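Novice:
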Amino acid sequence: MTAVTTITPEQQRTVRRAVVASSMGNALEWFDIIVYASFAVVISRLFFPESDGVTGLLFTFGAFATSYLIRPLGALVLGSYADRSGRKNALTVTIALMTIGTAIMAFAPTAATVGPAAGLIIVVSRLLQGFSAGGEFGTATTFLVENAPHRKAFYASWQVATQGAAMFLASAFGFGLNVFLTADQLSSWGWRVPFIFGLLVGPVGLYIRLRMDETPEFVQSERVKSPVLQTLVHHPGRVLSAAAAVGLASISVYLILYMPTFAVTNLELPRYAGYLGGIISGLVSLIGVPYVGKLADRVGPVRIMLTAAVVALVLALPLFLVLVANPSVLVLTLVQVVLGILMALYFGPVPALLTMMYPTAIRTSGLSISYNLGVTVFGGFAPIVLTWLISASGSLLSPSFYFMAVAVVSIVGLLVIRRRGYVDQ
35 MTAVTTITPE
45 QQRTVRRAVV
55 ASSMGNALEW
65 FDIIVYASFA
75 VVISRLFFPE
85 SDGVTGLLFT
95 FGAFATSYLI
105 RPLGALVLGS
115 YADRSGRKNA
125 LTVTIALMTI
135 GTAIMAFAPT
145 AATVGPAAGL
155 IIVVSRLLQG
165 FSAGGEFGTA
175 TTFLVENAPH
185 RKAFYASWQV
195 ATQGAAMFLA
205 SAFGFGLNVF
215 LTADQLSSWG
225 WRVPFIFGLL
235 VGPVGLYIRL
245 RMDETPEFVQ
255 SERVKSPVLQ
265 TLVHHPGRVL
275 SAAAAVGLAS
285 ISVYLILYMP
295 TFAVTNLELP
305 RYAGYLGGII
315 SGLVSLIGVP
325 YVGKLADRVG
335 PVRIMLTAAV
345 VALVLALPLF
355 LVLVANPSVL
365 VLTLVQVVLG
375 ILMALYFGPV
385 PALLTMMYPT
395 AIRTSGLSIS
405 YNLGVTVFGG
415 FAPIVLTWLI
425 SASGSLLSPS
435 FYFMAVAVVS
445 IVGLLVIRRR
455 GYVDQ
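Those letters in the sequence shown? Residues 35 to 459, by my numbering.
#1: Classify A37: buried if its beta carbon has 16 or more other beta carbons within 10 angstroms, exposed otherwise.
#2: Could you tell me whether the segment 309–318 touches the segment 104–115, where touching means 3 or more Cβ pairs closer than 8 Å?
#3: Would you give the residue range spanned by the alpha helix (DSSP H) that F435 belongs to?
#4: By the DSSP assignment, the alpha helix (DSSP H) with S427 in it spans what residues?
#5: Reducing DSSP to helix, strand and coil, say where A146 ends up.
#6: Can you tell me whether Y241 is buried or exposed, with buried defined as 16 or more other CB within 10 angstroms of its CB?
#7: Would you mind reading off the limits of the alpha helix (DSSP H) that contains K186?
#8: I need the straight-line Cα distance from A199 to V318, nearest angstrom please.
#9: Does the distance from the CB of G382 to the CB of M391 come in under 8 Å?
#10: In angstroms with no decimal places, state the Cα-to-Cα distance between A277 and T216.
#11: May I ask you to report which of helix, strand or coil DSSP gives F73?
#12: Between the beta-carbon of A97 and the beta-carbon of G169, is there less than 8 Å?
#13: Got a sec? Which residues, its chain only, sit under 7 Å from L357 by beta carbon, not counting five neighbours each side?
#14: Please work out which residues of its chain come closer than 8 Å, Cβ to Cβ, to V457, disregarding the five sequence neighbours upstream and downstream, and give them in chain order.
#15: Which first and last residues belong to the alpha helix (DSSP H) in which Y405 is found?
#16: Answer with buried or exposed for Q193, where buried requires no fewer than 16 other C-beta atoms within 10 angstroms of its C-beta.
#17: Determine, using beta-carbon pairs with one atom in the segment 343–360 and one in the segment 143–161, whether at least three such pairs fall under 8 Å.
#18: Measuring only the C-alpha atoms, how far is I375 from A279?
#19: Whose C-alpha, out of V54, I445, R305, is nearest the C-alpha of A195?
#20: With hydrogens ignored, establish whether the beta-carbon of Y325 is closer than 7 Å to any heavy atom of the ligand NAD.
#21: As an exercise, report each continuous alpha helix (DSSP H) stretch of at least 4 residues that is fully enclosed by the segment 229–272, in chain order.
#22: Using only the alpha-carbon positions, how far apart do P393 and G414 sit?
#23: Check the C-beta distance from M377 over to S286 and give it rounded, since I have them as a contact under 8 Å.
#24: Closest to R454 by C-alpha separation, out of L274, A187, I230, would be which residue?
#25: How many Å lie between F93 and P83 at the Cα?
#26: Please work out which residues of its chain come closer than 7 Å, Cβ to Cβ, to E329, disregarding the five sequence neighbours upstream and downstream, and give them in chain order.
#27: For T42, count neighbouring Cβ atoms within 10 angstroms of its own Cβ and tell me buried if that reaches 16, exposed if not.
#28: Take the Cβ of A52 as the centre, count every other Cβ of all protein chains shown within 10 Å, and call the residue buried at 16 or more, exposed below.
#29: Given this structure, state the Cα-to-Cα distance separating M35 from L125, to the nearest angstrom.
#30: Can you find the residues in the same chain that come closer than 6 Å, C-beta to C-beta, to G443, ignoring five residues on each side of it along the sequence?
#31: For R34, which of helix, strand or coil comes out of DSSP?
#32: Anyone know if the C-beta pair for L178 and A167 falls short of 8 Å?
#33: In terms of residue numbering, what span does the alpha helix (DSSP H) encompassing F381 cover?
#34: What distance in whole Å lies between the Cβ atoms of A416 and Y288, which are believed to be in contact at a cut-off of 8 Å?
#35: Look at the alpha carbon of I67 and the alpha carbon of T410, and state the distance between them as a whole number of angstroms.
#36: According to DSSP, simplified to helix, strand and coil, what is T42?
Dropping the structure here:
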C-alpha cells in the first residue's frame with residue numbers, strides 16, 4: 035500500500051489538517067448517534083409515552099432505523115456530488131446538515147408539549163442526520179486517504195478512532211448524567227445536555243473544512259458523468275462484497291451501544307451500568323485503532339479483518355452466556371470491553387479496505403454506497419431487531435446469535451474480496 039517512503043513538511047501538515055477536518059464531522063455524526071441510542075429508554079418515555087415498555091422502545095429505535103433507511107439516498111446524492119464537485123464541497127454540506135439535525139434533537143418539544151407531533155419531530159431530526167451521514171463517512175475517508183502520500187491505512191483509521199472518541203464522550207455523558215441527576219432531572223432536561231454539547235462541534239468543523247484545499251488526487255483525476263451509475267453498473271460485485279464486509283464493523287458498534295438499554299430493560303442493572311463499558315471501549319478504539327491501521331499498512335486490511343471476524347464469531351455466544359448467568363456491572367463492563375477490542379481490530383482497517391477497492395473517479399460514490407448499504411442492513415436496524423428478538427424469543431442470548439450471523443456474512447464478503455482480487459493485499 036505504501037508508495038511513498040518520505041514526505042515533505044508541507045505534505046505532513048496537510049495530512050494532519052485533513053485528519054482534523056474529516057474527524058470533526060465524523061465525531062459529530064457518531065456522538066449524535068450514540069447519545070440517541072444510549073438515552074433510548076428516556077427518549078421513548080418522553081416522545082412516545084402512549085407506548086410503554088417494549089413497544090415504546092420499538093418506536094424509539096424505529097425512528098433510529100428510519101435515519102438509516104435514508105442513508106443510502108444520502109450516499110447516492112452526496113457521494114456523487116463529491117466525485118463531481120469535490121471532496122471539500124461535499125464535506126461542508128454534510129457537516130452543516132448534521133448540525134441542523136442535532137439542533138432539532140437538542141431543542142425538540144416532547145409529547146407533553148405538542149402531543150404526537152413530538153415523535154414526528156424526532157423522525158425529521160433522524161432523517162436529516164441519516165441523509166448527511168450517508169455522505170459523511172465516504173467523503174471524509176476519501177478526503178483523508180487522498181491527502182495522505184503514504185501510510186494510507188494509518189491515516190484512514192482515524193475515521194474509526196474518532197468514532198471511539200465519540201463513544202467515549204457520549205458514554206461519559208451517559209454515566210455522569212445517570213449518576214449525578216435524579217430520574218426526574220434526567221427526563222426533564224438532562225438528556226438534552228449531550229445534544230447541546232454536540233452543537234459546539236458543528237460550527238468549528240465547518241470553519242476548518244472551509245479552509246482546507248481540495249485533494250491532489252481529485253484535482254488530477256478525470257471526471258465521469260455519472261459516478262453512481264458507473265459504480266452500480268460496472269462494479270456490483272465490489273459494492274455487495276464491501277457492504278458485507280462492513281456488516282461486522284457496524285453490528286460491533288451497535289451492540290455496544292445497545293448495552294445500556296439491555297442492562298436496564300433485561301438485566302435489571304442500575305441506569306449507569308451500560309455506560310462504563312462504552313467509556314472503556316471508546317478509549318480502546320481511540321488509542322488502539324491507529325496501531326491497527328499501521329499494521330494494515332504492512333500486512334493488508336483483509337488479513338487483519340478475517341482474523342478478528344473469526345475470533346468474534348467464536349467468542350460471541352460465550353460472552354453472552356457469562357453475562358446472562360452473572361448479570362452484574364463488572365461482567366457487563368468486561369463483555370463490552372472485549373467487544374470493543376474486537377471492534378477496534380475489525381473496524382480499524384475498514385476505511386483503507388474500501389478506498390482501495392475503487393478508482394479515484396468513483397471512489398467516494400463506491401465507498402459511500404458500500405459502507406451505507408452495510409451499515410443500514412446490519413447496523414441501523416440492529417437495536418430494533420435485538421429488542422424484537424429478545425421479546426419474541428424470550429432468550430437473552432439472542433443478541434449473540436444475530437451478531438454471529440452478521441459475522442458469517444462479513445467473513446464471506448472478505449473471502450470474496452480476496453479471491454476476486456478487489457484489493458492488492
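Beta carbons: idealized from backbone N, C-alpha and C, even for Gly. It should be emphasised that the depicted structure is a prediction, and the values quoted were computed from it without experimental measurement.
Specialist: Put simply:
#1: Translated into positions along the sequence shown, residue 37 becomes position 3. The pLDDT assigned to A37 is 46, lower than 50, so where the model puts this residue is not dependable; a value taken from the coordinates is nonetheless given after this. With fewer than 16 other Cβ atoms within 10 Å, it is exposed.
#2: no
#3: The residue labelled residue 435 in the question sits at position 401 within the sequence shown. Residues 432–453.
#4: Reading the sequence shown from its first residue, position 393 is the one you call residue 427. Per DSSP, S427 belongs to the alpha helix (DSSP H) from 416–427.
#5: Position 112 of the sequence shown, counted from the first residue, corresponds to residue 146. In the structure shown, A146 sits in a helix (DSSP, three-state: H, G or I).
#6: As a position in the sequence shown, residue 241 is number 207, starting the count at 1. It counts as exposed.
#7: Looking up residue 186 in the sequence shown gives position 152. 186–190 is the span of the alpha helix (DSSP H), which, as asked, contains K186.
#8: Counted from its first residue, the sequence shown places residue 199 at position 165. Counted from its first residue, the sequence shown places residue 318 at position 284. Approximately 9 Å, taken between the alpha carbons.
#9: Numbered from 1 along the sequence shown, position 348 holds the residue referred to as residue 382. Numbered from 1 along the sequence shown, position 357 holds the residue referred to as residue 391. Not closer than 8 Å, so no.
#10: Stepping through the sequence shown from its first residue, residue 277 is reached at position 243. Stepping through the sequence shown from its first residue, residue 216 is reached at position 182. Each residue's alpha carbon lies about 42 Å from the other.
#11: As a working mapping, residue 73 is identified with position 39 in the sequence shown. Note: F73 maps to coil in three-state DSSP.
#12: On the sequence shown, residue 97 is found 63 positions in, with the first residue counted as 1. On the sequence shown, residue 169 is found 135 positions in, with the first residue counted as 1. No; because the gap between Cβ atoms is not below 8 Å, this pair is not in contact.
#13: As a first step, residue 357 is located in the sequence shown; it is residue number 323 there, counting from the start. Around L357: V365, L366, V369.
#14: Position 423 of the sequence shown holds residue 457. So the list reads G334, P335, V336, L387, M390, M391, I451, once near-sequence residues are dropped.
#15: As a working note, residue 405 is residue 371 in the sequence shown. Where Y405 is concerned, the enclosing alpha helix (DSSP H) stretches over 397–409.
#16: Walking along the sequence shown from the start, residue 193 turns up at place 159. When all chains shown are included, Q193 counts as buried.
#17: no
#18: Taking the first residue of the sequence shown as 1, we reach residue 375 at position 341. Taking the first residue of the sequence shown as 1, we reach residue 279 at position 245. Cα to Cα, the separation comes out at about 18 Å.
#19: Within the sequence shown, the letter at position 161 stands for residue 195. Considering only alpha carbons, the answer is V54.
#20: As presented, the structure is devoid of all ligands, the ligand NAD included, so that no description of it is given.
#21: 235–244, 250–254, 261–268
#22: Indexing the sequence shown from 1 puts residue 393 at position 359. Indexing the sequence shown from 1 puts residue 414 at position 380. Distance between the alpha carbons of P393 and G414 is about 28 Å.
#23: Position 343 of the sequence shown holds residue 377. Position 252 of the sequence shown holds residue 286. That pair is a contact at about 4 Å.
#24: Locating residue 454 in the sequence shown gives position 420, where the first residue counts as 1. R454 has its Cα closest to that of L274, out of L274, A187, I230.
#25: Here residue 93 corresponds to residue number 59 of the sequence shown, with the count starting at 1. Here residue 83 corresponds to residue number 49 of the sequence shown, with the count starting at 1. Roughly 10 Å between the two C-alpha positions.
#26: As a working mapping, residue 329 is identified with position 295 in the sequence shown. Note on identity: in this sequence residue 329 is Leu, with Glu being the wrong assignment. Closer than 7 Å at Cβ, skipping near neighbours: I338.
#27: For this step, residue 42 is matched to residue 8 along the sequence shown. Exposed, by the Cβ-count rule.
#28: For the purposes of this step, residue 52 is taken as the residue at position 18 of the sequence shown. A52 should be labelled buried.
#29: Here the question's residue 35 lines up with position 1 in the sequence shown. Here the question's residue 125 lines up with position 91 in the sequence shown. Annotation note: pLDDT 43 at M35 (below 50); position unreliable, no value reported.
#30: In the sequence shown, the residue the question calls residue 443 occupies position 409. Just to set this straight, residue 443 is Val in the shown sequence, not Gly. A278, G281.
#31: Here the chain has residues from 35 to 459 only, and residue 34 is not among them.
#32: In the sequence shown, the residue the question calls residue 178 occupies position 144. In the sequence shown, the residue the question calls residue 167 occupies position 133. No, Cβ-Cβ distance for L178 and A167 is not below 8 Å.
#33: As a working note, residue 381 is residue 347 in the sequence shown. Segment 363–381, the alpha helix (DSSP H) holding F381.
#34: Residue numbering aside, residue 288 sits at position 254 when the sequence shown is read from its first letter. Residue numbering aside, residue 416 sits at position 382 when the sequence shown is read from its first letter. Contact holds; Cβ gap of about 4 Å.
#35: Within the sequence shown, numbered from 1, the residue matching residue 67 stands at position 33. Within the sequence shown, numbered from 1, the residue matching residue 410 stands at position 376. For I67 and T410, the distance between alpha carbons rounds to 13 Å.
#36: The residue labelled residue 42 in the question sits at position 8 within the sequence shown. Coil at T42, not helix or strand.
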